[in-house]
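This report refers to the structure that appears directly beneath it.
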Amino acid sequence: MPKCNKSEAQAIDYVYGELDASQVVDFEHHLSTCDNCTRNVNAYKHVLHLVDEAEAELTPHIIAPRNLEAKLYRRLAEVPPVKPTLHSRLSDFATGLLLTLREQKVVSFCLFIFAVISIAFFVGNPFRPAPTIDMSQIDSADARIEQYRHQDIQRSMEDVLRNKHLRNSDGWDTVSQLNRVKDQAQGTNWANIAKKHLKNVHSEL
Amino acid sequence: MDKLIDDEMLVTQFKSGSQKAFDELMKRYERKIFGYLLRSVRNYEDAEELTLEVFFKAYRALASWQPKAKFSTWLYTIASNLAIDYHRSKARKPVYMLEDEDVIEARVVATDISSNPEKQLEEKERGRIIREAVDELSSKQKAVFMLTRYEGLQIKEVAETLGMAEGTVKIHLHRATKKLQTLLRPLWENNEI
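If you read the protein sequences in the order shown, they are chains A and B.
For the first sequence, position 10 matches number -1 in this note's numbering, and the numbering has no gaps at all.
One gets this note's numbering by counting positions in the second sequence from 1 and adding 739 to each.
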């Protein structure tokens, strides 16, 4: 006789109907060749049959307890009622809403569509992928802004010098214009250039 | 609409103040819970008392209960815990429905007058011996065995009810079956049962 490779646990699972269909076929095939497992299975079945019979004697006595409802409410009246917490109230509200939505399928569907349209209207299309940001573009934009700023300062400085030399403008006007350029050029070399010109104008005055 | 949703709806209705919803839930499960507890404690009055306790606890806790599992599973959890506590606190052998012994005897005679009274007594004795063997199981083994065998719960549901892993439930069930076999085998081999 071949050596038995099945565990007792498998025999018990078989008796309780806990094996799946393929395992049952495999185990029943094994039973046809293994006396030991057949003996075990029969013993377990017999045990369960005996216990079932003994427990069945109690079944006629299993009836709903008398006056359970009245006894329960009498008992409940003796103790103070439990006050629901804020958390339990909130979760109850959410559960109730969920259950209602599960029941009212048409309403749920309409609410979903309404939510999608609202999001699309106020926030943007939720199904469109988020735009990717090109960091190199940001860098070049910053550089361009800085470049325009330098150009503006340069233009202002040229205007001041042009007014001073070509139009013979008033010295104090030149000072105030240079001061404006100096403020505008904070943090750049143009500020130093403006200071130099201011010094010259002051010495001329 | 399936029964699970029905129970959940009743719970929701109870939470919004409907007393009738709880009465309906109690009507659905009082017999089942009582049966489970009667098999567990083997005493009619105590089982009745514990059934009341189960619904008392359920009523008080239902306001904050979240439906993670079935309502019935939750009730069985309360009942199982109470039964385990009962066995721990009493630490005694179960009384076999002593107060109803006469009722049982009268019922047996009334249901089958034609049968042999001697045989009936033998069968009654046999039933008592077997139930005593069941009561030899540890409280967890017994709870697993009863829930699987007589309450029709799946292994997964028993695991949820008793707060165990499914593997642990299977181990308890295997041990319970083997222990019953060990306890009862000598009796049937000697033709005593």
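The beta carbon of each residue, even a glycine, is placed where N, CA and C say it ideally should be.
Query raised in the report: Taking contact to mean at least 3 C-beta pairs separated by less than 8 Å, is the segment 780 to 798 of chain B in contact with the segment 811 to 830 of chain B?
Result: As far as the Cβ criterion goes, the segment 780 to 798 of chain B touches the segment 811 to 830 of chain B, which means the pair count is three or higher.
Query raised in the report: Cα separation between residue 847(B) and residue 864(B)?
Result: Confidence in residue 847(B) is poor, its pLDDT being 48 and thus under 50, which makes the residue's placement too unreliable to answer from.
Requested in this report: Whole angstroms is fine: what's the gap from residue 808(B)'s alpha carbon to residue 872(B)'s?
Outcome: Rounded to whole angstroms, residue 808(B) and residue 872(B) show a C-alpha spacing of 32 Å.
Query raised in the report: Name the chain A residues whose beta carbon is nearer than 8 Å to that of residue 927(B)?
Result: Here the neighbours are 35, 39.
Query raised in the report: Residues in the segment 889 to 904 of chain B with C-beta within 9 Å of chain A's C-beta atoms, listed in sequence order?
Result: Taking 9 Å as the cut-off between beta carbons, the residues of the segment 889 to 904 of chain B near chain A are 889, 894, in sequence order.
**Report entry** Length of the line joining the Cα atoms of residue 82(A) and residue 801(B)
**Finding:** Rounded to the nearest angstrom, the two C-alpha atoms are 14 Å apart.
Requested in this report: With DSSP collapsed to three states, give me the class of residue 910(B).
Outcome: It is helical.
Query raised in the report: Given residue 876(B), which residues of its chain have a CB within under 7 Å of its CB, disregarding the five upstream and five downstream residues?
Result: Beyond the five residues adjoining it in sequence on each side, residue 876(B) comes within less than 7 Å, by CB distance, of 884, 915, 918 in the same chain, given in chain order.
Requested in this report: Give the secondary structure of residue 757(B) by DSSP, where H, G and I count as helix, E and B as strand, and everything else as coil.
Outcome: Residue 757(B): coil per DSSP, three-state reduction.
Query raised in the report: Going along the segment 854 to 888 of chain B in order, which residues come within less than 9 Å of chain A, judged by CB to CB distance?
Result: Residues passing the 9 Å Cβ filter: 862, 863, 865, 866, 867, 868, 869, 870, 872, 873, 884, 885, 887, 888.
Query raised in the report: What does residue 64(A) touch in chain B if you count any residue whose Cβ is under 8 Å from its own?
Result: Ordered by position in chain B, the residues that pass the 8 Å Cβ test against residue 64(A) are 791, 795.
Query raised in the report: Taking just the CA atoms, how far does residue 43(A) sit from residue 819(B)?
Result: Straight-line Cα distance between these residues: approximately 21 Å.
Query raised in the report: So with Cβ pairs under 8 Å, would you call residue 85(A) a contact of chain B?
Result: Chain B, which has a Cβ nearer than 8 Å to the Cβ of residue 85(A), makes this yes.
Query raised in the report: Does the beta-carbon distance from residue 33(A) to residue 912(B) come in below 8 Å?
Result: Against a cut-off of 8 Å, the Cβ pair of residue 912(B) and residue 33(A) comes out as no contact.
Query raised in the report: Beta-carbon of residue 913(B) versus every beta-carbon of chain A: anything under 8 Å?
Result: Chain A contact via Cβ: present.
Query raised in the report: chain A partners of residue 756(B), CB-CB under 8 Å?
Result: Here the premise fails: no neighbours, minimum Cβ distance about 11 Å.
Report task. Quick one: give me the first and last residue of the alpha helix (DSSP H) that residue 904(B) is part of. Result -> Per DSSP, residue 904(B) belongs to no alpha helix (DSSP H) and is neither H nor E.
Query raised in the report: With a Cβ-Cβ cutoff of 8 Å, do residue 900(B) and residue 815(B) count as a contact?
Result: In this structure, residue 815(B) lies closer than 8 Å to residue 900(B) by Cβ.
Requested in this report: Using a cut-off of 7 Å between C-beta atoms, extract the partners of residue 81(A) located in chain B.
Outcome: Neighbours of residue 81(A) on chain B, chain order: 754.
Query raised in the report: Does residue 50(A) come within less than 8 Å of chain B when only Cβ atoms are used?
Result: With 8 Å as the cut-off, residue 50(A) counts as an interface residue toward chain B.
**Report entry** Segment limits, alpha helix (DSSP H) that includes residue 195(A)
**Finding:** In the structure as shown, chain A begins at -10 and stops at 194. Residue 195(A) is therefore absent and cannot be evaluated.
Query - Completely contained alpha helix (DSSP H) runs for the segment 74 to 116 of chain A, where each covers 4 or more residues - result: With a minimum length of 4 residues, the continuous alpha helix (DSSP H) runs that stay inside the segment 74 to 116 of chain A are 75 to 92, 94 to 111.
Query - Contact the segment 170 to 185 of chain A vs the segment 754 to 768 of chain B: 3+ CB pairs below 8 Å - result: Fewer than three Cβ pairs drawn from the segment 170 to 185 of chain A and the segment 754 to 768 of chain B lie within less than 8 Å of each other, which leaves the two stretches out of contact.
Query raised in the report: Using the C-alpha atoms, what's the distance from residue 104(A) back to residue 242(A)?
Result: A question about residue 242(A) goes unanswered here, because the residues of chain A that appear run from -10 up to 194.
Query raised in the report: To the nearest whole angstrom, what separates the beta carbons of residue 751(B) and residue 84(A), a pair I think is in contact under 8 Å?
Result: So it is a contact: roughly 7 Å between Cβ atoms.
Requested in this report: Would you mind giving the Cβ-Cβ distance between residue 63(A) and residue 795(B), rounded to the nearest angstrom? I have them listed as a contact below 8 Å.
Outcome: In fact, because the Cβ distance is near 10 Å, the residues do not count as touching under 8 Å.
Query - residue 132(A) to residue 151(A) span [Cα, whole Å] - result: Annotation: residue 132(A) to residue 151(A) spans about 28 Å, alpha carbon to alpha carbon.
Query raised in the report: If we ignore side chains and look at the alpha-carbon of each, how far apart do residue 896(B) and residue 99(A) end up?
Result: Cα to Cα, the separation comes out at about 36 Å.
Query raised in the report: The alpha helix (DSSP H) spanning residue 867(B) covers which residue range?
Result: Start and end: 856 to 874.
Query raised in the report: How many angstroms separate the CA atom of residue 102(A) from the CA atom of residue -5(A)?
Result: Whole-angstrom Cα-Cα distance: 57 Å.
Query raised in the report: Can you list the residues of chain A that residue 769(B) reaches, using a CB-CB cut of under 7 Å?
Result: Against chain A, a Cβ distance below 7 Å from residue 769(B) picks out 53, 54, 57.
Query raised in the report: In or out: residue 870(B) buried (at least 16 other Cβ within 10 Å) or exposed?
Result: Per the 10 Å Cβ criterion, buried.
Query - Three-state secondary structure assigned by DSSP to residue 138(A) - result: Residue 138(A) falls in the helix class under three-state DSSP.
Query raised in the report: Going along chain B in order, which residues have a C-beta closer than 7 Å to the C-beta of residue 60(A)?
Result: Near residue 60(A) (Cβ distances below 7 Å), the residues of chain B are 791.
**Report entry** DSSP-derived helix/strand/coil call for residue 937(B)
**Finding:** Missing from the structure shown is residue 937(B); chain B here goes from 740 to 932 and no further.
Query raised in the report: Nearest chain B C-beta to residue 17(A) closer than 8 Å, yes or no?
Result: Residue contact check for residue 17(A) against chain B: no CB pair falls below 8 Å.
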